[in-house]
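Student:
Number of protein chains: 2
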Amino acid sequence: METRELRYFVAVAEELHFGRAAQRLGIAQPPLSRAIRQLERRLGAVLLERTSRTVTLTEAGSVLLDEGRAALDAVDAAERRTRRAALSPTGRPGLVLVTKASASSELLAKLLDAYAAEPGAVPVDVILCGPAEQGRLLREGRADVALLHRPFDSTAGLHTEELSTEGQVVVLPAGHPLTARSHVHMADISSLPGLPLPRWPNADGTYPPGPGPQVRDHAQLLQLVALGRACAVSPESCRTQLHADLAAVPVLDAPNVTTVIAWPPHSRSRAVADLVRTATRL
Amino acid sequence: METRELRYFVAVAEELHFGRAAQRLGIAQPPLSRAIRQLERRLGAVLLERTSRTVTLTEAGSVLLDEGRAALDAVDAAERRTRRAALSPTGRPGLVLVTKASASSELLAKLLDAYAAEPGAVPVDVILCGPAEQGRLLREGRADVALLHRPFDSTAGLHTEELSTEGQVVVLPAGHPLTARSHVHMADISSLPGLPLPRWPNADGTYPPGPGPQVRDHAQLLQLVALGRACAVSPESCRTQLHADLAAVPVLDAPNVTTVIAWPPHSRSRAVADLVRTATRL
DNA sequence: GGGCAACGATACCGTCAGGGTATCGATGCG
DNA sequence: CGCATCGATACCCTGACGGTATCGTTGCCC
Chain A
1 METRELRYFV AVAEELHFGR AAQRLGIAQP PLSRAIRQLE RRLGAVLLER
51 TSRTVTLTEA GSVLLDEGRA ALDAVDAAER RTRRAALSPT GRPGLVLVTK
101 ASASSELLAK LLDAYAAEPG AVPVDVILCG PAEQGRLLRE GRADVALLHR
151 PFDSTAGLHT EELSTEGQVV VLPAGHPLTA RSHVHMADIS SLPGLPLPRW
201 PNADGTYPPG PGPQVRDHAQ LLQLVALGRA CAVSPESCRT QLHADLAAVP
251 VLDAPNVTTV IAWPPHSRSR AVADLVRTAT RL
Chain L
1 METRELRYFV AVAEELHFGR AAQRLGIAQP PLSRAIRQLE RRLGAVLLER
51 TSRTVTLTEA GSVLLDEGRA ALDAVDAAER RTRRAALSPT GRPGLVLVTK
101 ASASSELLAK LLDAYAAEPG AVPVDVILCG PAEQGRLLRE GRADVALLHR
151 PFDSTAGLHT EELSTEGQVV VLPAGHPLTA RSHVHMADIS SLPGLPLPRW
201 PNADGTYPPG PGPQVRDHAQ LLQLVALGRA CAVSPESCRT QLHADLAAVP
251 VLDAPNVTTV IAWPPHSRSR AVADLVRTAT RL
């Protein structure tokens, strides 16, 4: 199977419309119809049920949509990492590390310092992004290594090493009655009047139904807490980033948060290996 | 990048010889040279240093070799899983589960029974193979789900759920002095005169240097133990498979062995999800 | 040191896969 | 029942890819 065929099929499967898919691909509709038909012949599988009005995926088609997207990601990653390896002036490509904007900057700073002191260290670019993008960046070869937070982030398809574990605190507007407590339990905060827990987006960008406000990142969330519109359960380390009008109280029975360093499993780059080794020794 | 180009490059990178690579690919040498040159131009990267006598990989080339193999595996997996999904008579493809021949058949039997009783269960084919092949079968789309044993098997790039944890025992020829003990420690067996621990192959098929016999699978190993040529440290559950001329003694400080169920991370198949759910509820 | 063999690069050519335009046939809708 | 929409088909053309022949370079060995 050629990637061109896969791209064509993914386009049609996503649009469920040959005309629009062809437009998206920048080709005419007839060659697209032909290409799909030929792909089906070669696979010996009907991928799409088409009438002159509607196009729907068969079971096999939906398998190929999933697997094909993953395969195309892998091809793109190969291309991107090769380009990066080549255009690096030293011949030894730099590393791209991706982490959440809200993550503990302390750990990251320590890691970057320690790694820079290693013999043979290469330059490390840091990308800060929202939680959902991290996996994508790694899969697409735009990044080499990530700092993720279990159990929030999916480590699907990645190698990981645990770096640190911490408890969680509830972040409240300063002066809230609960801030007088030395600690609380989840039950104490799951139903605070007027201070719902926020809703985070799913992998597909949609939000689960529920009462809380929709948030995209941690800064946004803290803003909402300061405004008295929400409360937040966050890793302890976020305390160093709190403004004066926010207060944090440990939540005893909240799940621990583990910071892990993650990288694509087939990566055999010495730079990634060095960075991971440095991280585990912190 | 087209998969054809990737296949060409991987062939040359593996052979480090255009002529042999061309032969392997079933084409003539000139088109291959051209294709590689064109790939290099498009990537803006020198992949191979060639003189008229030798071909060597550049840094970028070795990145593309690693990443390209992974990408080709993903494409092959997409094709195979699609084919399987299609030729299944029900439209709903059956599952292929892969596990080691030496694994606990009890757990597997329970799992298959429980899953078969689920509503919407599909037929499950079981493949027994050596440890090294399991990952490959999953990556190449020949299998959908595997039972692996940590810490022996790599779960690189897979989703996993833990199923059970057990201690390990040392397997000895019946009548060996140690079999009188109720338990032993690793130190007791690491230097048994005449009964070395075996050597397992690395991922690339080579064996680490050392004194013990080279083994490829568990049956082979038990044979060697019965012959008095080796001893083996194995998960407790292997006791049910021991012949009369073998004895097992718990090893207190051997690492626990965890049986996990593993599947490719992007798999969204309901059948896999059902099977995993069933497994975790056992 | 010169002839030779091995090997990748280049030149040149033919074929067919893949893309384009025009049009058909089917289907849902007003 | 006519019309608009949409995928399939027919037909043509271009260029990408593969093949053969040959060149240029480089170790190697007598």
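Listed in order, the protein sequences are those of chains A and L. Residue numbers for the first sequence follow UniProt numbering, so the first one is 1 and each next one is one higher. Residue numbers for the second sequence follow UniProt numbering, so the first one is 1 and each next one is one higher. C-beta: ideal position from N, C-alpha, C; glycine also.
1) Please confirm if Arg4 of chain A has its CB atom under 8 Å from at least one CB of chain L.
2) Could you check where the beta strand (DSSP E) with Pro235 of chain L kicks off and where it finishes?
3) Using beta-carbon positions only, say whether Leu47 of chain A and Leu64 of chain A come within less than 8 Å of one another.
4) Does Leu122 of chain A come within less than 8 Å of chain L when only Cβ atoms are used?
5) Would DSSP call Ile27 of chain L helix, strand or coil?
6) Near Leu39 of chain A, which residues of its chain fall below 8 Å by C-beta distance, leaving aside the five closest residues on each side in sequence?
7) Taking DSSP's pairing of strands, which residues face Glu49 of chain A in a bridge?
8) Counting only C-beta atoms, is Val75 of chain A closer than 8 Å to chain L at any point?
9) Can you grab the Cα-Cα spacing for the pair Arg239 of chain A / Ala248 of chain A, in whole Å?
10) Could you say which of A:Leu246, A:Leu97 and A:His266 lies nearest to Tyr115 of chain A if we only look at CA atoms?
11) Would a C-beta distance cut-off of 8 Å place Arg83 of chain A and Gly44 of chain L closer than the cut-off?
12) Does the Cβ-Cβ distance between Ala271 of chain L and Leu95 of chain L come in under 8 Å?
13) By alpha-carbon positions, which one of A:Ala117, A:Ser105 and A:Ile127 ends up nearest to residue 336 of chain A?
14) Give, in chain order, every residue of the UniProt domain "HTH lysR-type" (1-58) of chain A whose Cβ lies closer than 8 Å to some Cβ of chain L.
15) Using 8 Å as the cut-off, can you tell me whether the segment 122-137 of chain L makes contact with the segment 240-259 of chain L, which would need three or more C-beta pairs spanning the two stretches below that distance?
16) Tell me whether the beta-carbon of Arg199 of chain A lies closer than 8 Å to the beta-carbon of Gly130 of chain A.
17) Three or more C-beta pairs closer than 8 Å, one from the segment 21-36 of chain L and one from the segment 172-183 of chain A: is that the case here?
18) Should Arg83 of chain A be flagged as near chain L, meaning a C-beta pair shorter than 8 Å?
19) Tell me the DSSP secondary structure of Leu64 of chain L in three-state form.
20) If we count Cβ pairs, one from each stretch, closer than 8 Å, do we get three or more for the segment 162-178 of chain A versus the segment 164-179 of chain L?
21) Against Pro265 of chain L, what residues of chain A qualify as contacts under a CB-to-CB distance less than 7 Å, listed in chain order?
22) Under a Cβ-count criterion, where at least 16 other Cβ atoms within 10 Å of its own Cβ denotes burial, should Ser267 of chain A be classed as buried or exposed?
23) Can you pull out the residues from the segment 247-277 of chain L whose beta carbon lies closer than 8 Å to at least one beta carbon of chain A?
24) For Pro208 of chain A, report the span of its beta strand (DSSP E) as first-last.
25) Which complete alpha helix (DSSP H) runs does the segment 96-152 of chain A hold, if anything under 4 residues is left out?
26) Report the neighbours of Gly68 of chain A on chain L: residues whose CB is nearer than 7 Å to its CB, in chain order.
27) For chain A, check one thing: does any of its Cβ atoms lie closer than 8 Å to the Cβ of Leu97 of chain L?
28) Comparing alpha-carbon positions, which option in L:Val260, L:Ala22 and L:Arg42 lies nearest Asp153 of chain L?
29) Quick check on DSSP: helix, strand or coil for Arg199 of chain L?
30) Answer yes or no: do Leu178 of chain A and Ala230 of chain A have a C-beta to C-beta separation smaller than 8 Å?
31) Please classify His218 of chain L: is it buried, with 16 or more other beta-carbons within 10 angstroms of its beta-carbon, or exposed?
32) Closer than 9 Å, Cβ to Cβ, to anything on chain A: give me those residues from the segment 112-137 of chain L, in chain order.
33) Shorter than 8 Å from the beta carbon of Ala146 of chain A to some beta carbon of chain L?
34) Could you spell out the range, first to last residue, of the alpha helix (DSSP H) harbouring Glu14 of chain L?
35) List, in chain order, every chain A residue whose beta-carbon is nearer than 8 Å to that of residue 292 of chain L.
Tutor: This is what the structure holds:
1) Position 4 of the first sequence, counted from the first residue, corresponds to residue 4 of chain A. At least one chain L Cβ lies under 8 Å of Arg4 of chain A.
2) Locating residue 235 of chain L in the second sequence gives position 235, where the first residue counts as 1. Pro235 of chain L -> beta strand (DSSP E) spans Ala232 to Pro235.
3) Residue mapping note: residue 47 of chain A aligns to position 47 of the first sequence, counting from 1. Residue mapping note: residue 64 of chain A aligns to position 64 of the first sequence, counting from 1. The answer is yes: Cβ separation under 8 Å.
4) Locating residue 122 of chain A in the first sequence gives position 122, counting from the first residue. Here residue 122 of chain A turns out to be Val, not Leu, going by the sequence shown. By this cut-off, Val122 of chain A is not an interface position.
5) As a first step, residue 27 of chain L must be located in the second sequence, where it is residue number 27. Three-state result, Ile27 of chain L: coil.
6) As a first step, residue 39 of chain A must be located in the first sequence, where it is residue number 39. Excluding residues within five positions, the ones whose Cβ falls inside 8 Å are Met1, Glu5, Tyr8, Phe9 and Leu47.
7) If you number the first sequence from 1, residue 49 of chain A lands on position 49. Answer is A:Thr56.
8) Locating residue 75 of chain A in the first sequence gives position 75, where the first residue counts as 1. Taking Cβ atoms only, chain L reaches closer than 8 Å to Val75 of chain A, which makes this a yes.
9) Start at 1 with the first residue of the first sequence, and residue 239 of chain A comes out as number 239. Start at 1 with the first residue of the first sequence, and residue 248 of chain A comes out as number 248. If you take the alpha carbons of Arg239 of chain A and Ala248 of chain A, they lie about 7 Å apart.
10) Within the first sequence, residue 115 of chain A is the residue found at index 115, counting from 1. Per the Cα distances, A:Leu97.
11) Within the first sequence, the letter at position 83 stands for residue 83 of chain A. Within the second sequence, the letter at position 44 stands for residue 44 of chain L. Cβ distance < 8 Å, so Arg83 of chain A and Gly44 of chain L count as in contact.
12) One-based indexing of the second sequence puts residue 271 of chain L at position 271. One-based indexing of the second sequence puts residue 95 of chain L at position 95. Yes, Cβ-Cβ distance for Ala271 of chain L and Leu95 of chain L is below 8 Å.
13) It is not possible to answer for residue 336 of chain A, since the shown part of chain A is limited to 1 through 282.
14) Met1, Glu2, Thr3, Arg4, Leu6, Leu43, Gly44, Ala45, Val46, Leu47 and Thr58
15) no
16) Residue mapping note: residue 199 of chain A aligns to position 199 of the first sequence, counting from 1. Residue mapping note: residue 130 of chain A aligns to position 130 of the first sequence, counting from 1. No; because the gap between Cβ atoms is not below 8 Å, this pair is not in contact.
17) no
18) Position 83 of the first sequence holds residue 83 of chain A. Taking Cβ atoms only, chain L reaches closer than 8 Å to Arg83 of chain A, which makes this a yes.
19) The residue given as residue 64 of chain L occupies position 64 in the second sequence. If DSSP states are grouped into helix, strand and coil, Leu64 of chain L belongs with the helices.
20) no
21) Position 265 of the second sequence, counting from 1, holds the residue named residue 265 of chain L. Near Pro265 of chain L (Cβ distances below 7 Å), the residues of chain A are Ala156 and Gly157.
22) By one-based count along the first sequence, residue 267 of chain A stands at place 267. Buried is the call here.
23) Pro264, Pro265, His266, Ser267, Arg268 and Ser269
24) For the purposes of this step, residue 208 of chain A is taken as residue 208 along the first sequence, with counting starting at 1. Segment: none, Pro208 of chain A is in no beta strand (DSSP E) and carries neither H nor E.
25) 105-116 and 131-139
26) Taking the first residue of the first sequence as position 1, residue 68 of chain A is located at position 68. Correct list: Ala78.
27) Your numbering for residue 97 of chain L matches position 97 in the second sequence. So, not an interface residue.
28) Translated into the one-based positions of the second sequence, residue 153 of chain L becomes position 153. Here the closest residue by C-alpha is L:Val260.
29) For the purposes of this step, residue 199 of chain L is identified with residue 199 of the second sequence, where counting begins at 1. In the structure shown, Arg199 of chain L sits in a strand (DSSP, three-state: E or B).
30) Numbered from 1 along the first sequence, position 178 holds the residue referred to as residue 178 of chain A. Numbered from 1 along the first sequence, position 230 holds the residue referred to as residue 230 of chain A. No. Outside cutoff.
31) Within the second sequence, numbered from 1, the residue matching residue 218 of chain L stands at position 218. His218 of chain L comes out buried.
32) none
33) On the first sequence, residue 146 of chain A is found 146 positions in, with the first residue counted as 1. Chain L contact via Cβ: absent.
34) Taking the second sequence and counting its residues from 1, the one referred to as residue 14 of chain L is at position 14. Looking at the DSSP string, the run of the alpha helix (DSSP H) that includes Glu14 of chain L is Thr3 to Glu15.
35) The structure shown has nothing for residue 292 of chain L, since chain L only spans 1 to 282.
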